[in-house]
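Numbering (our numbering), first residue to last: 16 to 344.
Heads up, the thing below is written out as structure tokens.
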Ligand code: SIN
């Protein structure tokens, strides 16, 4: 029998409201892991499951300390020969960033599966119990080994690097965009159709054992009528890196380009991403990245580019090295 550990961190999957019709205005992270486990069906021969409450927050409030605590605990459990897989219950709002962080820093082939819910546990047709059951089935599946960190929501299995939250309220909010799901959790259990190709977990350039803090990186959102206000404030505030969520293929408003050049001259790493939600920002295509000393985010959305930039900066801020990390992770 497989041994799975659930690490609970809060979110709507543990949310509670006084009225079962309430799907907004509830308290995220209100219920302990024991309540979530009590809602599960008899798991039969699937696995024995232990639960641990790591913290209980609304994931909009997540901070780097939460990532470090979680990654260390996942790493400890993964190193335990008795443990076959780990499920992390998490708020959906920043689940994709936590999943990608773990994907980059946890050195294991064992399944690590993140799961959340869009309706609080007290709601009519709460999606949490079925999502958690699907996540446990995935964490117990041999096919989940070596796939990197996975996200299971709404019976669909996605890769941490690709998945994003696409809808503010719908239970079918998570999806990997142009990349497609890795697999699904069907009536007979999880089925995988493809595997991620970018470096992750055991093949990643990063290891949580070597990281005790993360450099400050901010995202600046490009838009019509842009001014240099936020980039200048970031420079004055002493950030180590900036992700510019650019228009189109990471293009930069002329009103802000000089400030980004000044940021780089001040030693701040600048990454160009796209605010469009799809496609690739290619180094040297829309802009002379080598000349400007900027980095292109490839297909990472701005919030995931921020995660990789934070980790990359723990190893230095040379453009060539950072671009290599963005081209391979
Ligand atoms: C949160 O992200 O913690 C609240 C929203 C959710 O889980 O859906």
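C-beta atoms are modelled at their ideal positions from N, C-alpha and C, and glycine is treated no differently.
These numbers were taken from a predicted model, which means no experiment stands behind them.
Three or more C-beta pairs below 8 Å linking the segment 116-124 and the segment 136-155: no
Local conformation of residue 199 per DSSP, three classes: strand
Three-state class that DSSP yields for residue 241 in the structure shown: coil
Within 7 Å, strictly: CB atoms of residue 249 and residue 288: no
Of the listed residues 210, 31 and 202, nearest to residue 164 (C-alpha basis): 210
Distance cut-off 6 Å: residue 93 Cβ against heavy atoms of ligand 1: no
Outcome for residue 24 when other beta-carbon atoms lying within 10 angstroms are tallied against a minimum of 16: buried
4-residue-minimum alpha helix (DSSP H) runs that sit fully inside the segment 32-64, ordered along the chain: 48-53
Residue 18 - DSSP class collapsed to helix/strand/coil: strand
Residue environment, residue 244, which counts as buried when at least 16 other CB atoms sit within 10 Å: exposed
Residue 274 beta carbon near ligand 1 (any heavy atom closer than 6 Å): no
Whole-angstrom distance between residue 176 and residue 276, CA atom to CA atom: 29 Å
Residue burial classification, residue 97 (beta-carbon count within 10 angstroms, cutoff 16): exposed
Cβ contact check for the segment 70-78 and the segment 158-174: 3 or more pairs under 8 Å: no
At least 3 beta-carbon pairs within less than 8 Å: the segment 195-208 vs the segment 146-153: yes
Beta carbon of residue 137 nearer than 7 Å to that of residue 35: yes
Inter-stretch contact at 8 Å, needing at least 3 Cβ pairs: the segment 180-195 / the segment 324-338: no
Alpha carbon of residue 342 to alpha carbon of residue 32, nearest angstrom: 44 Å
For residue 305 and residue 333, the rounded distance between their alpha carbons: 11 Å
Closer than 6 Å: residue 43 CB and nearest ligand 1 heavy atom: yes
Entirely enclosed beta strand (DSSP E) segments - the segment 256-314, minimum 3 residues: 256-261 and 284-289
Residue from 43, 284, 194 and 64 whose Cα sits closest to the Cα of residue 308: 284
Contact test: residue 73 Cβ vs ligand 1 heavy atom, cutoff 6 Å: yes
Rounded C-alpha distance that separates residue 170 from residue 270: 45 Å
Identity of the residue in 200, 178, 129 and 286 nearest residue 20 by Cα: 129
Pair within 7 Å by beta-carbon distance, residue 40 and residue 73: no
Where residue 338 falls, given that 16 or more other Cβ within 10 Å makes a residue buried: buried
Element boundaries [alpha helix (DSSP H), containing residue 153]: 143-154
Contact test: residue 108 Cβ vs ligand 1 heavy atom, cutoff 6 Å: yes
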